[in-house]
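The block underneath contains the structure these notes are about, expressed in structure tokens.
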Amino acid sequence: MNLDDLKSGWQQASDPKKEETLRQMMVTHPSVRRIRIKLLIEVLAMAVLLALYYDAFDGAQKPLYANVLLVVSALCYLLTDLAGLFVLALPDAGTGLRESLVRYLTSLRRFSLLAQGAAIAYAAGLLVFFASVVPPEKYGFLALAGGLLLVPFYFSARQWQGHLKQVQATLLSFGE
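Using full-length UniProt numbering, you'd call the opening residue of the sequence shown number 1 and step up by one each time.
Here it is as structure tokens:
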């Protein structure tokens with residue numbers, strides 16, 4: 001038995017107490033907690049928007065395609081957030097501590113890309129909904145509004161990178 005086999009066996013050895021500690025740590029990590037709070041706030045805001053948009057924003061006066069696009073993009077965003085809550089609440093446990101953290105970090109990275117894509121689709125749906133009745137002379141203002149919508153995406157991407165770096169630092173603290 002060489003050193004690599006011994007190291008591999010050691011990394012694959014599973015201690016139930018350590019596994020439970022890891023699971024608890026993944027669920028209660030400060031970055032994960034902040035992401036969870038953000039997702040819950042977004043879910044509530046999106047549910048309120050979907051419940052009130054037709055009356056509050058004169059959905060009846062907008063074209064059908066704008067209404068459908070807004071509802072579909074909002075539902076996609078809402079479903080993405082709900083999926084994110086499940087990703088955070090039910091971490092995938094691997095055969096070892098390090099493997100579990102690597103899988104968790106990978107799923108968080110995937111989810112961050114999915115969440116940002118859903119946010120862009122939702123912003124496009126909002127823009128189309130509100131722009132569907134804009135006269136052509138206001139298109140410059142509409143382009144400015146579209147450009148301003150990119151600012152939150154930049155900060156959201158930076159925030160996701162910060163969260164991922166914190167979880168990655170936790171992974172690195174376990175060493176090799």
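All C-beta atoms in this analysis are idealised placements derived from N, C-alpha and C, irrespective of residue type, glycine included.
Being a predicted model, the structure only gives us computed values, none of them experimental.
Query - Proximal residues to A66 (C-beta, below 6 Å), its chain only, five neighbours per side dropped - result: Along the sequence shown, one-based indexing puts residue 66 at 66. So the qualifying residues of the chain are V128, F129 and S132.
Requested in this report: Run the CB neighbour count on M1, radius 10 Å, all protein chains shown included, and call it buried at 16 or more, exposed below.
Outcome: Here residue 1 corresponds to residue number 1 of the sequence shown, with the count starting at 1. Only weak support exists for where M1 lies, its pLDDT of 46 falling under 50; the value from the coordinates is given anyway. Counting the other CB atoms within 10 Å of its CB gives M1 a total below 16, which places it among the exposed residues.
Query raised in the report: What are the uninterrupted segments assigned as alpha helix (DSSP H) that are 4 or more residues long and contained completely in the region 91–120, given in chain order?
Result: none
Query raised in the report: Counting pairs of Cβ atoms below 8 Å between the region 31–43 and the region 81–89, do you hit three or more?
Result: yes
Query raised in the report: Taking buried to mean at least 16 other C-beta atoms within 10 Å of its own C-beta, is L90 buried or exposed?
Result: Within the sequence shown, numbered from 1, the residue matching residue 90 stands at position 90. Exposed.
Requested in this report: Entirely within the region 30–61 and at least 4 residues each: give me those alpha helix (DSSP H) ranges in chain order.
Outcome: 30–56
Query raised in the report: Given A157, which residues of its chain have a CB within under 7 Å of its CB, disregarding the five upstream and five downstream residues?
Result: Locating residue 157 in the sequence shown gives position 157, counting from the first residue. Taken in chain order, the residues that qualify are Q116.
Report task. In angstroms with no decimal places, state the Cα-to-Cα distance between Y53 and M46. Result -> In the sequence shown, residue 53 corresponds to position 53, counting from 1. In the sequence shown, residue 46 corresponds to position 46, counting from 1. Cα atoms of Y53 and M46: separation of roughly 10 Å, rounded to the nearest angstrom.
**Report entry** Helix, strand or coil at S173 [DSSP, three-state]
**Finding:** Numbered from 1 along the sequence shown, position 173 holds the residue referred to as residue 173. Helix at S173.
Requested in this report: With DSSP collapsed to three states, give me the class of P136.
Outcome: Within the sequence shown, numbered from 1, the residue matching residue 136 stands at position 136. Helix, per DSSP.
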